[in-house]
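S.K.:
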Amino acid sequence: MDMKKGMKGQFFIVGAILVCSMLFVAYPRFAPLIREPGGDIPYISANIQRELPRVMNLGVNESAMIASMSNFTAFLERSLSEKRINYTSLVVMFRNVTTGSDGLNITVINELGSNVTLTITISGEDYGTIVASYPDLEDGSVNTSSYIPVSNINNVTVAFGSQERTMEWPRDKASIYAFFRLTRDEDIIKNDVAG
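Using my numbering, you'd call the opening residue of the sequence shown number 135 and step up by one each time.
#1: Is the beta carbon of Ile-240 closer than 8 angstroms to that of Tyr-281?
#2: Taking 6 angstroms as the limit between beta carbons, can you name the residues of its chain near Val-226, skipping five residues before and five after?
#3: Determine the extent of the beta strand (DSSP E) in which Ser-296 is found, giving its start and end residues.
#4: May I have the straight-line CA-CA distance separating Gly-262 from Thr-255, to the nearest angstrom?
#5: Output the boundary residues of the beta strand (DSSP E) element that contains Ala-312.
#6: Beta carbon of Ser-223, beta carbon of Phe-313: below 8 angstroms?
#7: Find out if the Cβ-Cβ distance for the pair Arg-305, Ser-285 is shorter than 8 angstroms.
#8: Out of Lys-324, Phe-228 and Leu-252, state which residue places its alpha-carbon closest to the alpha-carbon of Gly-302.
#9: So, with DSSP's three-state summary, where would you put Val-242?
#10: Alpha carbons only, please: which of Ser-257, Ser-267 and Leu-271 is nearest the one belonging to Asn-288?
#11: If you draw a straight line from the C-alpha of Gly-247 to the C-alpha of Leu-271, how long is it?
#12: Using a 10 Å radius around the Cβ and a threshold of 16 neighbouring Cβ atoms, would you call Val-290 buried or exposed?
#13: Does the Cβ-Cβ distance between Phe-206 and Val-189 come in under 8 angstroms?
#14: Roughly how many angstroms lie between the CA atoms of Arg-299 and Glu-216, to the nearest whole one?
#15: Can you tell me the Cα-Cα spacing of Asn-277 and Glu-320, whole angstroms?
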């Protein structure tokens, strides 16, 4: 019996075992430590940032600011849930009580999924500082408060949890501050918009 003919199959088996073991060693067994959010979530976040001020302006023009924002929020929750994305938000809208008046309406819509403590500080040149405090703002609630008087140009600081944002609010212009969170599995994007 020839020894060379009997050893041919063993070389193929050893070669196959080596190739398989090299592939197994090269395959990453652990998830990467740094992840980027899924492909569509950053685009959705940017789109929401553009649309929230437009929705508020549409509501102002139709004298239905709260209804427009509530309907848009419900639309986002419903359409994003179809993509397995959870949408939560806190929206604060500022507007004159009546055009040309010194009064201010603040409307807060909490859709964060939990109660929150919110503080809004308004300071201007002509009048003192106004502090609007919402110590236990319930999830799903809509609150509107009126304050008189406010200056022509105001600095407004909105603070809740670990979030704080300061912006300028001209008295005769409707303005918005919105914080929102998009969540899918481990992908989480937190963003805000002021304008």
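Heads up, the beta-carbon is just placed ideally off N, CA and C, and yes, glycines get one too.
M.R.: In short:
#1: yes
#2: Val-242, Val-292 and Tyr-311
#3: Counting along the chain, Ser-296 falls outside any beta strand (DSSP E), and DSSP gives it neither H nor E.
#4: 11 angstroms
#5: 309–318
#6: yes
#7: yes
#8: A small correction: the amino acid at residue 302 is Glu; Gly does not occupy that position in the sequence shown. For the residues Lys-324, Phe-228 and Leu-252, the minimum Cα distance to Glu-302 belongs to Phe-228.
#9: strand
#10: Ser-257
#11: 11 angstroms
#12: buried
#13: yes
#14: 31 angstroms
#15: 32 angstroms
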